[in-house]
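My numbering runs 7 ahead of the 1-based position in the sequence shown.
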Amino acid sequence: MTFFGFALGSSILMNDTLALMGTPIMISLSRRMKISPRPLLLTLAFAVTIGSVVTPMGNPQNLLIALASGISAPVIGFAYYLLLPTLLNLAATYLVLRLIFKKELTKAGAEFEKPSLLQAGTRVHGRGLARLSTSLLILTLTLILAVNLLEALGVRQPFGISEVSLLGAALLLVLSGRGREILQAMDWGILLLFAGLFVLMQSLSNNGIIASVAQYLPALGRGDPHASLFSILVSGLLLSQVLSNVPMVALYLPIMKSLSYGPQDVYAWAALAGGSTLAGNLTILGAASNLIIIEEAERHGVKLSFIEFLKVGVLVTAVNFVILYAALYFGV
Numbered sequence: 008m009t010f011f012g013f014a015l016g017s018s019i020l021m022n023d024t025l026a027l028m029g030t031p032i033m034i035s036l037s038r039r040m041k042i043s044p045r046p047l048l049l050t051l052a053f054a055v056t057i058g059s060v061v062t063p064m065g066n067p068q069n070l071l072i073a074l075a076s077g078i079s080a081p082v083i084g085f086a087y088y089l090l091l092p093t094l095l096n097l098a099a100t101y102l103v104l105r106l107i108f109k110k111e112l113t114k115a116g117a118e119f120e121k122p123s124l125l126q127a128g129t130r131v132h133g134r135g136l137a138r139l140s141t142s143l144l145i146l147t148l149t150l151i152l153a154v155n156l157l158e159a160l161g162v163r164q165p166f167g168i169s170e171v172s173l174l175g176a177a178l179l180l181v182l183s184g185r186g187r188e189i190l191q192a193m194d195w196g197i198l199l200l201f202a203g204l205f206v207l208m209q210s211l212s213n214n215g216i217i218a219s220v221a222q223y224l225p226a227l228g229r230g231d232p233h234a235s236l237f238s239i240l241v242s243g244l245l246l247s248q249v250l251s252n253v254p255m256v257a258l259y260l261p262i263m264k265s266l267s268y269g270p271q272d273v274y275a276w277a278a279l280a281g282g283s284t285l286a287g288n289l290t291i292l293g294a295a296s297n298l299i300i301i302e303e304a305e306r307h308g309v310k311l312s313f314i315e316f317l318k319v320g321v322l323v324t325a326v327n328f329v330i331l332y333a334a335l336y337f338g339v
């Protein structure tokens with residue numbers, strides 16, 4: 008259940024957040040159960056990656072696609088094309104991990120149900136802030152869903168996902184009485200990184216470099232949707248291992264727009280979102296959430312090597328991409 012819990016959480020809270028929160032939890036559990044933390048860390052990595060596929064809020068590249076593509080009601084559009092393959096991928100990956108780590112995960116599952124372990128994690132510091140945060144999270148998600156439903160019904164809205172999310176964050180800062188503390192605890196380096204990334208990609212586009220790179224990617228045309236799906240998925244898988252998935256999407260968006268992909272081509276944007284995200288299951292470099300898990304684990308004295316990740320990631324990624332392509336192929 009831990010696997011599916013983190014997957015569900017990543018679709019709402021963003022996979023990087025769950026990766027940061029989940030790593031010390033998994034390491035703590037592994038030490039109490041006296042098993043290697045590596046199977047649990049890999050389980051966490053795959054869960055937050057796969058679970059984040061299904062919504063625009065699940066990861067940074069999905070949000071970037073939802074905003075830049077101009078898709079109407081992106082939450083509904085993503086769910087239409089990506090909910091089924093995500094559920095199938097979660098089930099398939101769970102079975103693969105149970106097969107590979109049968110001994111460790113069976114013991115982990117049994118121990119996780121023990122009251123002593125559950126009670127150890129029930130202490131909440133700052134209950135007032137926790138209740139406020141939970142209430143605002145529910146409110147924000149409700150508003151996002153309402154805005155998307157209205158858009159799907161043809162009612163034009165002045166607010167989108169980003170505006171509603173900013174509203175929720177602003178309310179938390181004002182109502183908590185701890186705005187300064189919260190702002191100081193934010194990772195501003197990540198925000199600067201993404202801001203710099205977008206500036207860089209726009210510069211590359213203006214200088215014609217992106218157009219030159221596009222010549223070496225799998226052919227992407229609008230004549231055959233099924234061939235386009237394959238090209239998008241392959242490009243996402245390969246480029247994400249070199250650039251990581253967020254820069255890959257920032258690079259690929261102007262290429263697709265130059266080929267006249269627009270808000271009506273939801274299937275293509277869903278393929279880009281699914282392919283670039285699931286590419287993170289192949290290697291550590293494929294997703295920022297993987298790097299967060301690795302770095303956080305090292306702070307707790309645990310090392311997970313590139314090869315250890317790759318050995319399991321190859322099989323998981325192969326299964327994930329077959330399921331995703333099949334679902335999108337028959338859904339177009």
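Where is the CB? At the ideal position from N, CA and C, for every residue including glycine.
Looking only at C-alpha atoms, which of Ile330, Glu188, Gly287 sits nearest to Phe316?
Ranking the options by Cα distance to Phe316, first place goes to Gly287.
Enumerate in chain order the residues of its own chain whose CB-to-CB distance from Met33 is below 7 Å, with the five nearest sequence positions on each side excluded.
Only Pro44, Leu47, Leu48, Leu51 meet the Cβ criterion.
On a Cα-Cα basis, can you pick out the residue from Leu279, Ile217, Ile78 that is closest to Ser265?
Ile217
Taking its Cβ as the centre, do 16 or more other Cβ atoms sit within 10 Å of Glu188, making it buried, or is it exposed?
exposed
Measure the Cβ-Cβ separation of Leu143 and Val171 and say whether it is below 8 Å.
no
Backbone CA spacing between Phe11 and Leu97 [nearest angstrom]:
7 Å
Leu125 versus Leu335: straight-line alpha-carbon distance, rounded:
With a pLDDT of 45 at Leu125, under the threshold of 50, the modelled position of this residue cannot be trusted; read the value that follows with caution. One C-alpha to the other measures close to 39 Å.
With DSSP as the reference, label Val181 as helix, strand or coil.
helix
Using a Cβ-Cβ cutoff of less than 7 Å, which residues in the same chain neighbour Ser76 once the five nearest sequence positions on both sides are dropped?
Pro270, Trp276
Can you tell me which of the three DSSP states Gly58 falls into?
Looking at Gly58 - three-state DSSP - the assignment turns out to be helix.
Quick one: is Met8 buried, meaning 16 or more other Cβ sit within 10 Å of its Cβ, or exposed?
exposed
Whose C-beta lies closer than 7 Å to the C-beta of Leu174 among residues of the same chain, with five residues either side of it excluded?
none
Less than 7 Å between C-beta atoms, sequence neighbours within five positions excluded: which residues of the same chain meet that for Thr324?
Leu285, Asn288, Leu289
Tell me, to the nearest whole angstrom, how far the beta carbon of Pro92 is from that of Glu303; I am working on the premise that it is less than 8 Å.
At roughly 29 Å, the Cβ-Cβ gap does not stay under 8 Å, so Pro92 and Glu303 are not in contact.
Measure the CB-CB distance between Ala278 and Ala159 and report whether it falls below 8 Å.
no
Shorter than 7 Å, the distance from the beta carbon of Gly135 to the closest heavy atom of the ligand MG, or not?
Summarising the ligand content, the structure contains no ligands, and the ligand MG is consequently not present.
Ignoring anything shorter than 4 residues, give me the alpha helix (DSSP H) runs that lie fully in the region 24 to 71, in order along the chain.
44 to 58
Can you tell me where the alpha helix (DSSP H) with Gly320 in it begins and where it stops?
313 to 338
To the nearest whole angstrom, what separates the beta carbons of Ile57 and Thr100, a pair I think is in contact under 8 Å?
6 Å
In whole angstroms, give me the CA-to-CA distance for Ala86 and Phe328.
17 Å
Can you give me the C-alpha to C-alpha distance between Leu157 and Ala177, rounded to a whole angstrom?
23 Å
Using three-state DSSP, classify Tyr268 as helix, strand or coil.
The three-state secondary structure of Tyr268, taken from DSSP, is coil.
Excluding the five sequence neighbours on either side, which residues of its own chain have a C-beta within less than 7 Å of the C-beta of Leu15, listed in chain order?
Gly58
Using three-state DSSP, classify Ser79 as helix, strand or coil.
coil
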